[in-house]
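To start, the structure under review is shown below, and the notes come after it.
In the UniProt record's numbering, the protein residues as written are 1 to 222.
In structure tokens:
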């Protein structure tokens, strides 16, 4: 898990496991731009997903299974070595006997799933972290949020361009645009907010520009 670099310090210093995983999802692009992490909470259970982005061929088995192994180690770091998820999902078919997966991951995964992921109890997310340090957590969040390389000057232009492309195909949703930029939707919203913009305003702005362009084009004499 040391491969996470500064992101690991942010995670370990969150107040609870749930806040640690939300921080991981929000700032994962600081570690990798080829995947998106998200966490969906239900009444009793939560699903932590890892999804490759960027198009192209489907990821190979090793590329898919490696993040799950790393993710399992991270969850064990947060929740203790005896913790086991309710279920693990893999986007690929099995490559070794099921007992080996159980030995390495604690459970036999469900294979050929839409994405890689872990099913957790919501009570797991409420567990406090003994490593929590609120001051260090805030410092690391500021560092990961405001690094120049994490806030490119043309972010608004890039989002607007993606919206324009998607509107040409029918619609432009936050989740779709964030996925194309290899960002978590919350992260994209927050980074736009640091520039005084919000996603829906950009959608409305692009719609107006397209409408004006269309009206001008259709009003030209034949």
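All residues carry an ideal CB built from backbone N, CA and C; glycine is no exception.
The structure presented is a predicted model; accordingly, all values stated were derived computationally and were not measured.
DSSP state of residue 6 mapped onto helix, strand, coil
It is helical.
For residue 45: DSSP bridge partner residues:
Beta-bridge partners assigned by DSSP to residue 45: 121.
Next item on the list: Using 10 angstroms around the beta-carbon of residue 112, count the other beta-carbons present and answer buried if the total reaches 16, otherwise exposed.
Entry: Exposed is the call here.
### Nearest-angstrom Cα separation, counted from residue 48 out to residue 182
Taking the straight line joining both Cα atoms gives about 16 Å.
Three-state secondary structure assigned by DSSP to residue 133: Of the three classes helix, strand and coil, the one that applies to residue 133 here is coil, per DSSP.
Inset, instruction - Can you grab the Cα-Cα spacing for the pair residue 10 / residue 23, in whole Å? - result: Across the structure, residue 10 and residue 23 are spaced so that their CA atoms are roughly 7 Å apart.
Once you ignore the five residues that flank residue 141 on each side, which residues in its own chain have a CB closer than 8 Å to its CB? For residue 141, where only same-chain residues beyond five positions count, the Cβ hits under 8 Å are 10, 23, 27.
### Query
So what does DSSP say about residue 126, is it helix, strand or coil?
Residue state, collapsed to three classes: coil.
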